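So the sequence shown is numbered by numbering that gives the first Met the number 0: it starts at 0 and just counts up by one. We treat Cβ as the ideally placed atom computed from N, Cα and C, and that holds for glycine. Just so it is clear, the structure is predicted and the values come from calculations on it, not from any experiment. Here's the structure we're looking at; comments come further down.
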Amino acid sequence: MPLQAIRDTRKTGSGSGRAAATYIVPLALTFALWPPAAQAGGRLGDFGRPEPSIVTDHILPWLGGKLAARRGEPVSAFQLTDHEMELRARAYYLFMPSHRVRFFARHRAELVRARVWPDEKYQVDPTRYYDALRAQGFISSAARYNAIEQSVRADLGLIEPFMVEVERVYADDRRRMEALARASVASPDVSASAEARIYENRRVVDWAIVAMQWRVEAYSYALEATSIETPSIRAVDVEMALKRLAAAVDIMTASVDRLEGDGMPPAPSEGSSADRPLDLIGPVYKR
């Protein structure tokens, strides 16, 4: 798997004032510029993404690229291919917290996705999905089971089309590196951007996998808590659906491992973090 330390979700301390400013300043800028509709949980477009805006489409990606480069992470200057854009669009829904209505959780994830914040700042509390579920005030206990099952089945339907895009992007990455190897005049900048784009593509895929693993844990917690609070035979149906989702996520992980071992070039290192390989063997939420 890539060298991106996405699974290193350790708790971070307060740090120095300079380190705090690295996170606080971008966050303040984002909140100041974020469209009011998005702040209020406004309308969403395809794959659950906010409708296009200057912040989400231009300012955040630009700022994230600058800050990622400052942290020593590979940043590509290449234009995105059609497949890379589709991959990112589909990954967005998977990466966002399953309790997407929560403003701060959603925007914390957005800042990490855009690379404004480093990957280790993305922390998921699996109990929050259940909290959001209870906050909806279902009168019927069966409705809560229905809501969990609908979420599980919706996520299950997202995996196959996402993996189709993963295969297309990885095939393009192989073509990219083959073309680079054949090029008679490839500048160091072009080579660096090509390798950085492979890193960025793998980062998107790895985050999607980790996020789906976290979702399985969140749904499992919600089902267990609901079964205790409002017992029902419906729990059996939800559990069966959840097992199918967990199995699909494991297959998703194994498929990515196979693709990355199928003649893929090694991912570039990320400076001082090169000694922290990403290992997605086994569910991250069980570790």
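Item: Taking the beta carbon of R287 as the centre, do at least 16 other beta carbons fall within 10 Å, making it buried, or is it exposed?; Value: Past the edges of the chain, shown from 0 to 286, lies residue 287, and the structure says nothing about it.
Item: Pull up the distance between the alpha-carbon of Q135 and that of R114, whole angstroms please.; Value: 32 Å
Item: Whose C-beta lies closer than 7 Å to the C-beta of A185 among residues of the same chain, with five residues either side of it excluded?; Value: L179
Item: Please report the distance separating the alpha-carbon of V111 from that of P117.; Value: 6 Å
Item: Using a Cβ cut-off of 8 Å (strictly closer), state whether R202 contacts chain B.; Value: Going by chain labels, chain B is absent from the structure shown, which holds only one protein chain.
Item: What number of angstroms, rounded off, separates the C-alpha of A142 from the C-alpha of K242?; Value: 20 Å
Item: Using 8 Å as the threshold, is the segment 157 to 166 in touch with the segment 187 to 197, meaning 3 or more CB pairs across them?; Value: no
Item: Excluding the 5 residues preceding and the 5 following L222 in the sequence, name in chain order all residues of the same chain whose CB lies nearer than 7 Å to its CB.; Value: I147, A234, V237, E238 and L241
Item: By Cβ distance below 7 Å, which residues in the same chain neighbour A247 in space, the five residues on each side in sequence not counted?; Value: L155 and I158
Item: What residue from R87, R107 and R173 has the CA that sits closest to E259's CA?; Value: R173
Item: Going by alpha carbons, who is nearest to D338 out of P73, P96, I58 and G63?; Value: Residue 338 falls outside the range modelled here, since the chain spans only 0 to 286, and no answer is possible.
Item: With distance defined between alpha-carbon atoms, name the residue in E119, Y121, K120 and Q149 nearest to L132.; Value: Q149
Item: Buried or exposed for S219, going by 16 or more other Cβ atoms inside 10 Å?; Value: buried
Item: Alpha carbon to alpha carbon, how far is R105 from Y92?; Value: 11 Å
Item: Among M251, R89, Y121 and A191, whose alpha-carbon lies nearest the alpha-carbon of A76?; Value: A191
Item: Could you name the residues of the same chain whose beta carbon sits closer than 7 Å to that of V203, not counting the 5 residues immediately before and after it, in chain order?; Value: L86, R87 and A90
Item: Have a look at R201, G71, D205 and A153 and flag the residue whose alpha-carbon is nearest the alpha-carbon of L244.; Value: A153
Item: Quick one: what's got a C-beta closer than 6 Å to F137's C-beta in the same chain, skipping five residues either side?; Value: R143
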